[in-house]
Amino acid sequence: MRLYLFILFLCAAIAAFAQDDTSWEVNHYEKTRTFVEDGYTYQCDVRYGSVTLYNKANRWTYADQIDKRTGKIYVANSDASPGIGEENARIMLDIINNAFTKEEAKRITDNGFMFLLFMNPQTGDVEEVCFGFVTFNDCAKIPLSYYRDIELKMKAQIHAKLTEEDKYVNFIMAGGVHAPTGRPE
1 MRLYLFILFL
11 CAAIAAFAQD
21 DTSWEVNHYE
31 KTRTFVEDGY
41 TYQCDVRYGS
51 VTLYNKANRW
61 TYADQIDKRT
71 GKIYVANSDA
81 SPGIGEENAR
91 IMLDIINNAF
101 TKEEAKRITD
111 NGFMFLLFMN
121 PQTGDVEEVC
131 FGFVTFNDCA
141 KIPLSYYRDI
151 ELKMKAQIHA
161 KLTEEDKYVN
171 FIMAGGVHAP
181 TGRPE
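If you're matching positions, the sequence shown starts at 1 in UniProt numbering and goes up one per residue.
And the structure:
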């Protein structure tokens, strides 16, 4: 009987403290950890309450943007890439908005999350995406599958218009901060 009660108590304790990675009710990103999912692995780095969330395969998340001509950190000038352009900016916001229902978007009551796109300087294709937010805001409750969906759609739909200057850097970077509004109904 004691063994039965002990096992029952242990199971209840595990259930109470287990974190469901698909739930909107828990903070998924309170501490540094690796998420191994079906077909991809994400890294969550937490430092002083700031979260950096990215595909573990990323190479440029913490890399410096280097000018290949000098080997030094790149400093943008007037010939730098015009960025992603208005059409791509609209597509990026649509991708984020459409990742959430209106009801889900209402749960994100703060200023949203930061997203950074790292693009290939030869092709303009998005090769990497990372996200940033703080551990105490609503974005820390967004399940990983939503961030993954946004990453894949950004890679498929965003393409930078390149300038001559772009070929001299190891990657092109663009991004922003957005609080999703939810997909139109």
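A virtual CB, placed ideally from N, CA and C, is assigned to each residue, including glycine.
The structure displayed is predicted, hence computed values, not measured ones.
Check: Does the distance from the C-beta atom of Glu151 to that of Thr61 stay below 8 Å?; Outcome: no
Check: Relative to the alpha-carbon of Arg59, which residue among Met173, Arg47 and Arg183 has its alpha-carbon at the smallest distance?; Outcome: Met173
Check: Of the choices Glu164, Val36 and Lys153, whose alpha-carbon is the least far from that of Phe115?; Outcome: Lys153
Check: Check whether the Cβ atoms of Thr109 and Arg183 sit closer than 8 Å, and answer yes or no.; Outcome: no
Check: Along the chain, where does the beta strand (DSSP E) containing Asn55 start, and where does it finish?; Outcome: Ser50 to Asn55
Check: Among Glu185, Ile84 and Asp138, whose alpha-carbon lies nearest the alpha-carbon of Glu30?; Outcome: Asp138
Check: Give every residue of the same chain whose Cβ lies closer than 7 Å to the Cβ of Tyr168, excluding the five residues on either side of it in the sequence, and list them in chain order.; Outcome: Asp67, Lys68 and Arg69
Check: For Ala160, is the classification buried or exposed, using 16 other Cβ atoms within 10 angstroms of its Cβ as the cut-off for buried?; Outcome: buried
Check: Check whether the Cβ atoms of Val26 and Thr135 sit closer than 8 Å, and answer yes or no.; Outcome: no
Check: Enumerate in chain order the residues of its own chain whose CB-to-CB distance from Arg107 is below 8 Å, with the five nearest sequence positions on each side excluded.; Outcome: Trp24, Asp138 and Lys141
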